Structures are given as structure tokens and as C-alpha cells.
Amino acid sequence: MFDVLSPALVYAGGAALTPFILNERLRQIFMLTIPVLALSLFWNLHEGTYAVFNLMNMQIGLMRVDKLSFIFGLIFSIAAFISVLYAWHVKDKLQQVATLLYAGAAIGAVFAADLVTLFVFWEATAIASVFLIWARRTPGAYYTGMRYLIIQISSGVILLGGIILQYQQTGSLAFDAMTLGSFSYENAGTWAIFIAFGIKCAFPLLHNWLQDAYPAATVTGTVTLSAFTTKLAIYALARGFPGTELLIYIGAAMTLFPIFFAAIENNLRRVLSYSINNQLGFMVVGIGIGTPLALNGTVAHAFCHILYKSLLFMSVGAVMFRTGTSKASELGGLYKSMPITMIFCIIGAMSISAFPLFSGFVSKSLILSAAADQGQFWIWLVLIIASVGVLEHSGIKIPYFTFFAHDTGKRVKEAPPHMLIAMGIAAFFCIGIGVYPQALYAMLPYDVDYVPYTTSHVVSQLQLLMFAGLAFAMLIRFGLYPPEFRSVNLDFDWLYRRLLPSIFRGLARMIERSWHAMTRLALYRLDRFLVVVYRAHGPQGPLARTWPTGSMVLWIAALLGTTLLLTYL
Amino acid sequence: MSNLPALQIILPLMAAPICAMVGRPKFAWGLATLVAWASFAISILLFLSVRDGTVISYDMGGWAPPLGIEYRVDVLNAFVLMIVSGMTSFVMPYALKSVASELHESQHAYFYTAFLLCMTGLMGVAITGDAFNVFVFLEISSLSTYALVAMGAARDKRALTAAFNYLIMGTIGATFFVIGLGMMYMVTGTLNMADLAQKIAANGDSRTLRMGFSFVLVGIGLKLAMFPLHLWLPNAYSYAPSAVTTFLASTATKVAIYVMARFMFSIFGFDYDFQANTMQFIMLPLALVAMFAASTVAIFQEDLKRMLAYSSVAQVGYMLLGMSFLTQLGLTATVVHMFNHALIKGGLFMAAGCFIYAVNSSRIDDLKGLGRIMPWTSAAFVLGGLGLIGVPMTAGFISKWYLMQAAFELDWWPIALLIVASSLLAVIYVWRMVEVLYLRDLPEKNDVRAVPLTMLVPMWGLLLLSVYFGVSADITVSAASRAANALIGASNIFWQSGG
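Chains as they are written, first to last, in the numbering used here: chain A, 1 to 569; chain B, 1001 to 1499.
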């Protein structure tokens, strides 16, 4: 049919066959071969657009291979492989099919050369992924999934609207860089596309679906979810809106605001979800700066981020798999029971905190350098502050509260072997990229000569990390001995432990109250509206009940009268 | 070959009394099926020979028009003929088991007789070039439809009142229509459509003409269930036997839409301002109201067939909307949607019939959890539902795509937004069924009859076709576009120079 088979079709075909393989081991092996097979389809392709055909006078291209789409295709394939491997123990066919379809749709979207194909896969990721949430089969998960689906589908609908407007304006459906001017009727389409990308990318105020949905998925589902949707949005932004200045400020805000939420959050999977926001912020800033160095940074960071974030989710997931909880207050002291998981978790934590010799360092440096090169001092500063925040909530908090802190006395088995292997692969990449970044740099979309390991980079990063670490240690130290220290350090203590938190708490309570009042009002209004709608349209409402013949005829008379009146006017 | 237009009508017309006279159910079914397929073959032949834009004119009994009755086949009515006979060919195999389970055996032969007559009437309406002939055939189809709806009484007695109401409303509609024809005859002295068009343009504006126009508009509006003249439809569709509902939903309203388009564009032809005004100030708002009100009513329905019936009213709204744009693109959307909706709604009502066959109920509450034991029917329903919403890769998407294009072409983007918004309502009522079928638990006590293949295969055939025409829409869209050209070209409308 086409000159090149789209990898998305391989995933779809695999997903269609999966339920019919009855032997569980065979099925898992079959599923593992699919990412490899799909990868082999585009591994050796030269740059260009393949699988081009005409549909209703629209130029459709299923496979656009260039450096940008290739590297995202590659990392999505790796992520799909790791997700499937990590879920080796799962016997639920629904999750298996959904995982394959979801990964395939994401890869299909990455290779889309036109906006229509992008839209189709965009919606497909939404629909396939929601089953990973519903797979928990609890009422709570059902409602969370519905909320998630509504937001994701809305993003697709807005995208479709934008595409149609854009098509009307320009007559082109190609998916290339767009210019986001000031808002006007002429470029309403471009704005709609931008907002659709923004929803999937969890821009501030459009972000709540992420923290809502990801922690609600199954243990393995969260690992899968964390890899694709938001990074697909990053890809779409990098492809469509590089150098859009607005993105710099959006990204900066994204790096900052989740830190506070993450710091006070108890559910570790939700902490990691907030930290996705923060990491996406770095990438969005990179897209906004838009220089080759910055875009390279964004792509590299997305690549590394998928690996270490899934590594962290996998380790927390493994703990949850064994202990049944991911709440910080119920965990602790697990380093004796799950030492290998702990090591992997720390590798992930050091990567996300950008320790030298770990992958986060070599990718984040690119973005920081790009910001500095462009003279964006304030943005650079925000990113530095955000990096400290990352270290605090992801780098230290996650491993500390899970494996150390107070021992809750839980004695469980080490994670099962397939989870350890999956984590091992991710950890291998994290360290491998950190030690030998040239391999990653060679694949980046632009040729930029960049050396991450200069003395000044390493020293400044280490300073940053040490002081941030010190601060955390101090806090923990004081926090550990409240009775003894309270009397001695009353003023000082009170300042940072009572006043600040109570101000924060007061603020939070105020915001929470007004938010509740607003939502209650909105819900009340909605209820009233629905009652009115139901009164008119419900089975006994005037619009739906069976009318006596006489009143039917009355309508005819009314309409005839109106028509006659109109024609005589 | 040259007698094909006559054969198209004669064949079912002659077969109908034979069915009644022989009176054996199996024989009646066999003959009806055979005739349906033969008619389908004839309409395909006709369609192929007029596809390039030629017009076949056939003089009945050798009497030349405008005095004699003329059958006139252009690409538009060939397309409609194909929809009617094609749908009959799909419904016939389905009817065998469905009718056997829903009707007394004594009625079967009469059922097929009425069915054939109904089909004759609908095809006659589509094929004829004589305005009064349209009325005659419309009555043939309507009278047989009343009988068909009333046969639903074997399952639910309320079918009788539904049929009675339909009879009254349908008769009023037909009367209005014929009054309108009378006025037109007063002005022009002719009943041949082509002749009418010329004389209306030549004779000038007059009160009589305006009166005639209004009566025709309201009369046909009743037949095609234009909101708020749709009140007969939900009951008639809910209580008629499933095979009849399937057939009516996918052909009867479509033929009425065709008549509306034919009269508005070919015959009245927008020589005078009042026609365009009426279309845009009456039909357009009513179409929009139908899209929302009927869809919302569908959301709250407790009966599956009734829900689908209200959804039909909403879908008629889309077709009228495309027509009231008064542009080539709008008409294309209307004609494409006629075809696509026939496939989708036909498939959906077949699925409803399968549920009725299996659990002897179409109440949504009684269908809980059936997704697990009736996977094929349930999956078919979901597929049809997706088409109703207009998800890409289904036929419904093509219709909405062109409808939105037509709205954008006029820069009426608020209307385009309304089209999207009303599609979201369809998401809700389709989702409701998905939830009932798949997410609810099956009641402990259930006796579910297995649905026979003769019902499953036609249903899947229609729905797979709807997916096929959703992916490769070249055939339907090019035919619809030519049909729209034929309609627009027949009228000397003012926007031709401007657009």
C-alpha cells in the first residue's frame, strides 16, 4: 500500500493480535518484539517524507523522518519497550492492548507530516491512554479517567478547530513551524493549535489533569503515561512554535509553581507528577528561546527526562507493588528490604537533579547555557532556583522518604526480576548518557559543538547541589527533634517553622475556600441549568412527550402562518 | 436498456399484489428480496449512465411532456434511487428473521406487500419529473407506511395510535402539498417540473405563487420531520417493526429532503427574493434548533429506538442546514449526509432490532451488560454511534466536514461552532449506550436469544460500508457535488455571479 509501513500501524496490528495469544509468556514476548520491530522500520530510513497519499484533496504524509522526529521516535520506542517489560507480570489484556495502542499513537503523531494525521493520532493517544486509568476498575479511577478523557478530547477538538481555521486561511495542512502573532481573527487557527498543544503540555492553569490522572493509574500504567503524552506535546511545540517568546515565560512559570506543591505533597506518585510539570518547564523555555542550542537542549532533555522519570516512577511503582502504598507518611526504611530498587531510585534521583556524570546534567546544561547565551538573566535565575527545587522534591525527598527516614517496620521482598531489569535498562541509559554525552549529542537535530564537562559547569552545579542538600539536611535535622529544639530556638524556629508555614497555610486556605465557593457556585449553576434542560427535554418534558394530534396540527398552523407572513413581507 | 426508468417502478409495483395474492410468507419474502435486488441493479445501471451529467428523459406511455408524464433521471435522483433500492436490498435479508419474531405469521405476506408498495412510492417520488406525480407516489408510500407502522401493534399496542397520528399528520402534509401544487398550477397552467420552473420565472411574482410556495414548504416540511413538525416521528419510529424503522429512517426522510431540494432549487429556483428569505429566516433557525433540541431530548430518552428517532430529527436538521446555506458546498453536504446518514442510521436501527430480537425489549435499562454476551451487535452499535458523532474515518465525519466547510465558506463560523457543539451532544447519548452495554453488570437472570446471521450480516454490511465511505469518500462526494451542481444549475440564482 505505502512505500514505508508506519510504525503506528505495527503497534496497532500488534495490539489487534495481542488478545488472541492465549499463552501469557508468549504474549509478553510478542509484545516486547513490537517496539523493536517498529524501531527497525525507521532506524535506517533516510530523511524525507514517506507514505504520502491524497485523501479528499488533502496531502497526507504518515512518515516524515528527520532528525527531530527520529530522536523522539527512538525514545518513544525505548520507553514502550521498558513499559512493556516493566508490566511483564500484568495479565490484564485491556492494559496490554491500551499500552501498545497508546505508544503506537504517540509514535504515529511524532512522524505525522500533516496536521490531519497529527489530529488523528492526537486523539488516539487520548483514547488509548484513558484505559490505563480505567484499568484500576475502581469508581474513583473511573471518574478520574472521565475527567482526564474530557480534557484530552477537548484538546483534540480545539486542535481540529484550529486545523480547519488554518486550512481556510492558508490552504495548507503541512505541519511546519507556525508564527504565533498577536491574537486576531486571521490567526485564530494558529492560536487554537497552540492552546491545544498547551493543554497536552500541561501549561500552568491547564495542568491539573496531569496530577489528577497520573497517580490514579495502575502501577504500570503510570510509568507508561509519564513517557508519552506530555513529551508528544513538547515535540509538537518544538516542531510548530520554536522561538515563540511567550513560551519562555510560560516555561519559567512551569518550572517554579509545582515546586511548592511537590514539597507539601504526601503521595509520592503525585510528587513525581508535579515534577513532570517542572521538567516540562525547562523544555518549554528551550523551545521559547529557539536557538539551535536551546532546541537541542529541549530535545536532549526530553530524551533524558523520559528515561529518568520513568525510572523514578518504576521504583516508586515497585515499592507500591510490594507495599501497596505510595504515601510518604506510610513508607520509610525500605533500604534493607529493597536495596536494588533503592539504588535505581537514587540513580534516577541523581539524574533528575542533574548531578555531573548523570544524564540530567548533560541535557539541562544545554538549556541553561542557551538561556545565558541569549542574555536572559532572569530566566536563567528562575531555572537555577527551579533546579534547587527539583533536587529538594525529587532528588532527595523521593528516595529519602521511601527508603530511609523513619523505619515503618515494613519488611517486604525485593521487586520482581522483570521490574529490576526494566529499571536497570533505564538506569544504564541514565548513567551512560551522563558519562558519554556525545552519543546523544550526535543525534540532536542541530549541529552544535557543546562541551558539558567544563570546570565552571561542574563546579557551579556541584555548589548548587551541595548547598541545596545542606539546606535539606538542616531542615530535616531540626524537624527531627522538635521537642528539644523548640524551647531553645524559639524565635528562629518560629520564623521558619511557624510563621512561614502559617502564612502559606492561611493563603492556601483562602485560595482553597474561594476556589471551593466558586466551584460550588458553578456546580449549583450547572445543576440548575441541567434541571431546566431536563424539564424541557426529559422524557416527560414538552419537547419529548407524545403530543395530542390537535396540538401537532397547531404547530403546522403556526409554521404555515409564519411562513406566509414572511413571504408576504 | 431504454426502458430502465419505467422498469424501476413497474417491477416493485407489480410484485406487490402478487405477494398479497399468493399469501405465503416465504414466497412473499423471496419475491420481495428478488425485486429489491433487481431494483438495486437497475438503479446502479441508471446511476452509471447519468453519472457524467447526462439526463435521461423517459416519456410514460409515449406521451410527450409537458402534457404526458415524464420520468427524468439526473445524477441527483439516480443517487436517491440508489439509496432507496440499496437500503431495501439490505433490509430484506434482515427482515426475514426480524419480522418473523415481531409479527404474526398471518401478516407476513401483507407486510412484504406494503413494504414493496412503500418502496415503489419512494422511488416514484424520486424518479418522476411531474409535480403531481410526486404527490401520487408520496401518497402511495405514505399509505403503505401507515399500514407498516400499525403492524408494530403485535409487539406494542401503542403502534396503533402512533400510526393513526402519523396518518393524520401525513395526510395534512400531503394536503398542504397538493394545495401548493394547485396554486402553482393556477399561476402556470402546467405540472411538469421543467416546464414549471420556466413558467414561474417567466410569469413574474404573484401572491398566488407565494401562497403555493409556503404550502409546499410546510407540506414537505411535515413529511421530512422538520422541527417542530417532527412530532409524529418519534412514536412512529419507536413502535414500528424494526425492519420498517430501519427502512423508514434511512429512506423516507431522505426522499422528502430530496423533494424539498428539488422544489426549492429546481422548480422555484430563487427567481424572487422571498424564497431565499424564507429559507434563511425559517429553515436555517429551525435546523439549528433541531440539532440541539432533538439531540438533547435524545440524551434523556429511556428507549433505544426513541433515542435514535430523536437523533434522526437532529440529523435532518443538519441536512436542512446544508440546504439553507444556498450554496453549492452546502447542498453537497446535504446530499452526502443523506447517503451517509442512511447507512449509519440504518445500521443503528438494525442493531436496535437485534437487541429487540435478543431480549424482546428496547428499553435502555434492559440492555445492561449486553456488550459481554452480544459482542457483535454491541460493537456494531458503537461503530454506528461513532459515525453519528462524526469521528474521523467514519462517514459521519465526511458529512460534517463538508457542512463546516460550507459554513466557513460563507464566513458563518458561529454556525460551524454550533455544528461541533451539537456533535458533542451526540457523544453524550452514544456514550450513554456504551456505558450501559459495556460498563454495567449483566442482570443475574437473563434469557438472551442468539441473533441469527441473517440479521448480523446486513447490519455489519451497512456499517462497514459507512466506514468505507468515511475513508474513501471520492465516489459519494463527487456524485453529491455533481448533484448539487445540477440543482444549482437548474436555477438562475443570484449568487452564481457573486459566489
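From the three backbone atoms N, C-alpha and C, an ideal C-beta is built for every residue, glycine too. This one's a predicted model, so the numbers in the text were calculated from it and none came from an experiment.
Who are residue i's beta bridge partners in DSSP?
{"i": "Asn-54/A", "result": "Gln-59/A"}
{"i": "Ala-174/A", "result": "Asp-114/A"}
{"i": "Gly-48/A", "result": "Val-65/A"}
{"i": "Tyr-1071/B", "result": "Tyr-1058/B and Thr-1128/B"}
{"i": "Asn-1192/B", "result": "Asp-1130/B"}
{"i": "Arg-1363/B", "result": "Asp-1303/B"}
{"i": "Lys-327/A", "result": "Asn-267/A"}
Compare the Cα-Cα distances from residue i to each of the options and report the closest residue.
{"i": "Ile-334/A", "options": "Val-319/A, Arg-477/A and Ile-346/A", "result": "The question names Ile, but residue 334/A in the sequence shown is Leu. Nearest C-alpha to Leu-334/A: Val-319/A."}
{"i": "Phe-1079/B", "options": "Ile-1488/B, Val-1477/B and Gly-1489/B", "result": "Val-1477/B"}
{"i": "Lys-397/A", "options": "Val-362/A, Pro-452/A, Ser-353/A and Met-419/A", "result": "Ser-353/A"}
{"i": "Ala-1294/B", "options": "Ala-15/A, Pro-7/A and Tyr-534/A", "result": "Tyr-534/A"}
{"i": "Val-1091/B", "options": "Ile-1200/B, Pro-1005/B and Ala-1249/B", "result": "Ala-1249/B"}
{"i": "Phe-401/A", "options": "Asn-267/A, Leu-526/A, Val-459/A and Phe-429/A", "result": "Asn-267/A"}
{"i": "Gly-73/A", "options": "Cys-345/A, Ala-302/A, Ile-133/A and Thr-255/A", "result": "Ala-302/A"}
{"i": "Ala-544/A", "options": "Leu-1286/B, Leu-1231/B and Ser-1378/B", "result": "Leu-1231/B"}
{"i": "Phe-1115/B", "options": "Ala-1126/B, Ala-1020/B and Ile-1428/B", "result": "Ala-1020/B"}
{"i": "Tyr-308/A", "options": "Ala-174/A, Ala-370/A and Ile-425/A", "result": "Ile-425/A"}
{"i": "Glu-186/A", "options": "Asp-1411/B, Met-1455/B, Ser-1106/B and Ser-1423/B", "result": "Asp-1411/B"}
{"i": "Arg-1482/B", "options": "Val-1420/B, Lys-1345/B, Gly-1053/B and Thr-1253/B", "result": "Gly-1053/B"}
{"i": "Asp-1156/B", "options": "Trp-1037/B, Ala-1131/B and Ala-1236/B", "result": "Ala-1236/B"}
{"i": "Leu-1418/B", "options": "Gly-1317/B, Ala-1352/B and Ala-1358/B", "result": "Gly-1317/B"}
{"i": "Arg-147/A", "options": "Val-412/A, Ala-217/A and Met-443/A", "result": "Ala-217/A"}
{"i": "Leu-357/A", "options": "Ala-415/A, Ile-431/A, Ser-329/A and Gly-13/A", "result": "Ile-431/A"}
{"i": "Thr-33/A", "options": "Leu-368/A, Ser-77/A and Gly-243/A", "result": "Ser-77/A"}
{"i": "Ala-15/A", "options": "Ser-460/A, Pro-539/A, Met-443/A and Lys-93/A", "result": "Lys-93/A"}
{"i": "Ser-337/A", "options": "Arg-137/A, Phe-403/A and Ser-456/A", "result": "Phe-403/A"}
{"i": "Ala-109/A", "options": "Gln-95/A, Leu-100/A, Thr-125/A and Thr-99/A", "result": "Thr-125/A"}
For residue i and residue j, which I take to be in contact (beta-carbon distance under 8 Å), what is that distance rounded to the nearest angstrom?
{"i": "Ser-1144/B", "j": "Met-1082/B", "result": "So it is not a contact: roughly 21 Å between Cβ atoms."}
{"i": "Val-97/A", "j": "Pro-19/A", "result": "6 Å"}
{"i": "Met-178/A", "j": "Phe-111/A", "result": "In fact, because the Cβ distance is near 19 Å, the residues do not count as touching under 8 Å."}
{"i": "Ser-315/A", "j": "Thr-341/A", "result": "5 Å"}
{"i": "Val-382/A", "j": "Ala-252/A", "result": "5 Å"}
{"i": "Ala-192/A", "j": "Leu-165/A", "result": "6 Å"}
{"i": "Leu-1442/B", "j": "Ile-1364/B", "result": "14 Å between Cβ atoms; not a contact."}
{"i": "Met-1119/B", "j": "Lys-1254/B", "result": "The pair is not a contact, with the Cβ atoms about 13 Å apart (cut-off 8 Å)."}
{"i": "Ala-1006/B", "j": "Leu-1031/B", "result": "Their Cβ separation, rounded to whole angstroms, is 20 Å, which puts Ala-1006/B and Leu-1031/B out of contact at 8 Å."}
{"i": "Thr-1188/B", "j": "Leu-1181/B", "result": "Actually they do not touch by this definition, with Cβ atoms about 11 Å apart."}
* Where are the beta strand (DSSP E) runs, 3 residues long or more, that stay fully inside the region 239–283 of chain A, in chain order? -> none
For the region 527–539 of chain A, enumerate the residues whose C-beta is nearer than 9 Å to any C-beta of chain B, in chain order.
Val-533, Tyr-534, Ala-536, His-537, Gly-538 and Pro-539
Practice item. Could you run through the region 79–95 of chain A and flag, in chain order, every residue whose CB is less than 7 Å away from some CB of chain B? Key: none
| message | Output needed in chain order: residues of the region 1203–1218 of chain B with a Cβ under 8 Å from some Cβ in chain A. | response | Arg-1207, Arg-1210, Met-1211, Phe-1213, Ser-1214, Phe-1215, Leu-1217 and Val-1218
message = Which residues of the region 1374–1407 of chain B have a Cβ closer than 9 Å to any Cβ of chain A? Give them in chain order.
response = Val-1391, Pro-1392, Met-1393, Ile-1398, Trp-1401, Met-1404 and Gln-1405
Only counting runs of 3 or more residues, tell me where the beta strand (DSSP E) segments fall wholly within the region 1191–1239 of chain B, in order along the chain.
none
### Message
At a CB distance below 7 Å, what residues from the region 1257–1289 of chain B approach chain A? Give them in sequence order.
### Response
Phe-1274, Asn-1277, Thr-1278, Phe-1281 and Ile-1282
If contact means a Cβ-Cβ distance below 7 Å, which residues of the region 1235–1248 of chain B contact chain A? Asn-1235
*Contact set between the region 536–562 of chain A and chain B, restricted to residues whose Cβ is under 7 Å from the partner*: His-537, Gly-538, Pro-539, Leu-543, Ala-544, Thr-546, Trp-547, Thr-549, Met-552, Val-553, Trp-555, Ile-556, Leu-559, Leu-560 and Thr-562
- [ ] Could you please tell me which residues of the region 1153–1175 of chain B, in chain order, have their CB closer than 9 Å to any CB of chain A?
- [x] Arg-1158, Thr-1161, Ala-1162, Phe-1164, Asn-1165, Ile-1168, Met-1169, Ile-1172 and Gly-1173
Check your understanding: Where are the alpha helix (DSSP H) runs, 4 residues long or more, that stay fully inside the region 1309–1379 of chain B, in chain order?
Key -> 1328–1359 and 1370–1373
- Item | Under 8 Å (Cβ pairs) to chain B, residues found in the region 268–296 of chain A | none
Exercise. Closer than 7 Å, Cβ to any Cβ of chain B: which residues of the region 111–128 of chain A, in chain order?
Worked result: Val-120
Worksheet item: What are the start and end residues of each continuous beta strand (DSSP E) run of 3 or more residues lying completely inside the region 325–379 of chain A, in chain order?
Response: none
At a Cβ cut of 9 Å, what residues of the region 145–166 of chain A count as close to chain B, listed as they run along the chain?
Ile-153, Val-157, Leu-160, Gly-161, Ile-164 and Leu-165
Using a Cβ-Cβ cut-off of less than 9 Å, give me the residues of the region 1063–1081 of chain B that come near chain A, in sequence order. none
Report the start-end ranges of each alpha helix (DSSP H) in the region 172–230 of chain A that is 4 residues or longer and not cut off at the edges. 188–200 and 208–213
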